[in-house]
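Visitor: Following this message is one structure expressed as structure tokens.
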Amino acid sequence: MSTSFGFYLKNIECGCGKCLEQDDPWFMQHFQKNVTPLLTIVGNSVNLKRSHYGKLIDHHTSVIRMNLGKTEGFEQDVGSRTTHHVMYPESASDLDNSTHLVLFPFKIKDLEWLVGVMVLNPAFMKYVHQSWLRGKGDYPSTGFMTVILVSVFGFGADSDGNWSHYWEVLRNKNFKTGGHPGSVEYDMIVELAKREKLDFYRGW
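What the sequence shown shows, in my numbering, is residues 1357 to 1560, in sequence order.
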């Protein structure tokens, strides 16, 4: 975060003192819609299969993946690079030395992971859940927590309305999104894309 941006955040009027308001003049002045994003978030949706987004995803400077998202064997569709891996502790997995871990803690026990981990304030999760998702579901998914002003791949159900992951064979057609408000999150991503706040690449 730049010094000027950090100074700005400390001086805006907001309930939490950190969030940019809708149509904020500073943001609108600095946000350039015609600039290709350097950061992309890759979700785990099955609709990435046969998408051939791999090279496009890898072209970004920073590539963020989440939870159990994998690349080996799926490079053509999901790319091969990962600079940051975002996860809840329950989804923790071994990462290579070139990948930064970003952890979303929401239990006291989760804070035992602090050494060597980039941690985001749980207050941000509460803000996203209440303000963006209107309190739907038990808590936001890791993917939705990561979606702001970036290129987004691999979110949503497949063309038949089924929710699953690109590395799995769908055996249960009634598979849902658990405690996450999947449909609400997807609709919000679509709305952000319509407002040109992010680039959303739909799957197949």
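Glycine included, each C-beta is placed from N, C-alpha and C at the ideal position.
So what does DSSP say about HIS1415, is it helix, strand or coil?
Guide: Here the question's residue 1415 lines up with position 59 in the sequence shown. Looking at HIS1415 - three-state DSSP - the assignment turns out to be coil, as it is neither helix nor strand.
Visitor: Can you grab the Cα-Cα spacing for the pair SER1401 / LYS1463, in whole Å?
Guide: For this step, residue 1401 is matched to residue 45 along the sequence shown. For this step, residue 1463 is matched to residue 107 along the sequence shown. Going by the C-alpha atoms only, they are around 26 angstroms apart.
Visitor: DSSP three-state call for SER1507: helix, strand or coil?
Guide: Taking the first residue of the sequence shown as position 1, residue 1507 is located at position 151. Three-state DSSP puts SER1507 in a strand.
Visitor: I'd like the list of long-range same chain contacts for GLY1535, defined as Cβ closer than 7 angstroms, with 5 residues on each side in sequence excluded.
Guide: Numbered from its first residue, the sequence shown carries residue 1535 at position 179. Hits under 7 angstroms: GLY1493, ASP1494 and TYR1495.
Visitor: Quick one: give me the first and last residue of the alpha helix (DSSP H) that THR1303 is part of.
Guide: Because the chain in this structure spans residues 1357 to 1560, residue 1303 falls outside the shown range and cannot be described.
Visitor: Using the Cα positions of SER1358 and ILE1420, report the straight-line distance between them to the nearest angstrom.
Guide: Position 2 of the sequence shown, counting from 1, holds the residue named residue 1358. Position 64 of the sequence shown, counting from 1, holds the residue named residue 1420. Confidence in SER1358 is poor, its pLDDT being 40 and thus under 50, which makes the residue's placement too unreliable to answer from.
Visitor: I think GLN1432 touches GLY1410, with their Cβ atoms under 8 angstroms apart; what is that distance to the nearest whole Å?
Guide: Indexing the sequence shown from 1 puts residue 1432 at position 76. Indexing the sequence shown from 1 puts residue 1410 at position 54. Confirmed, about 5 angstroms.
Visitor: Going straight from the alpha carbon of LYS1426 to that of ILE1545, what length do you get?
Guide: Looking up residue 1426 in the sequence shown gives position 70. Looking up residue 1545 in the sequence shown gives position 189. So the two alpha carbons sit approximately 22 angstroms from each other.
Visitor: In chain order, what residues of the same chain have a beta carbon less than 7 angstroms from the beta carbon of GLY1538, not counting five sequence neighbours either side?
Guide: By 1-based counting over the sequence shown, the position of residue 1538 is 182. The residues are TRP1519.
Visitor: Going by DSSP, which residues form a beta bridge with ILE1397?
Guide: Within the sequence shown, the letter at position 41 stands for residue 1397. Paired residues: ILE1420 and VAL1508.
Visitor: Going by the CB atoms, is the gap between VAL1434 and VAL1458 shorter than 8 angstroms?
Guide: Here residue 1458 is taken as the residue at index 102 of the sequence shown, counted from 1. Here residue 1434 is taken as the residue at index 78 of the sequence shown, counted from 1. Not a contact, by the Cβ cut-off of 8 angstroms.
Visitor: So what does TYR1557 bridge to, in DSSP terms?
Guide: For the purposes of this step, residue 1557 is taken as residue 201 along the sequence shown, with counting starting at 1. DSSP output for TYR1557 lists PHE1509 as bridge partner(s).
Visitor: Would you mind sorting ASN1403 into buried or exposed? The rule is 16 or more other CB atoms within 10 Å of its CB.
Guide: Numbered from its first residue, the sequence shown carries residue 1403 at position 47. The residue in question, ASN1403, is buried, as its Cβ has 16 or more Cβ neighbours within 10 Å.
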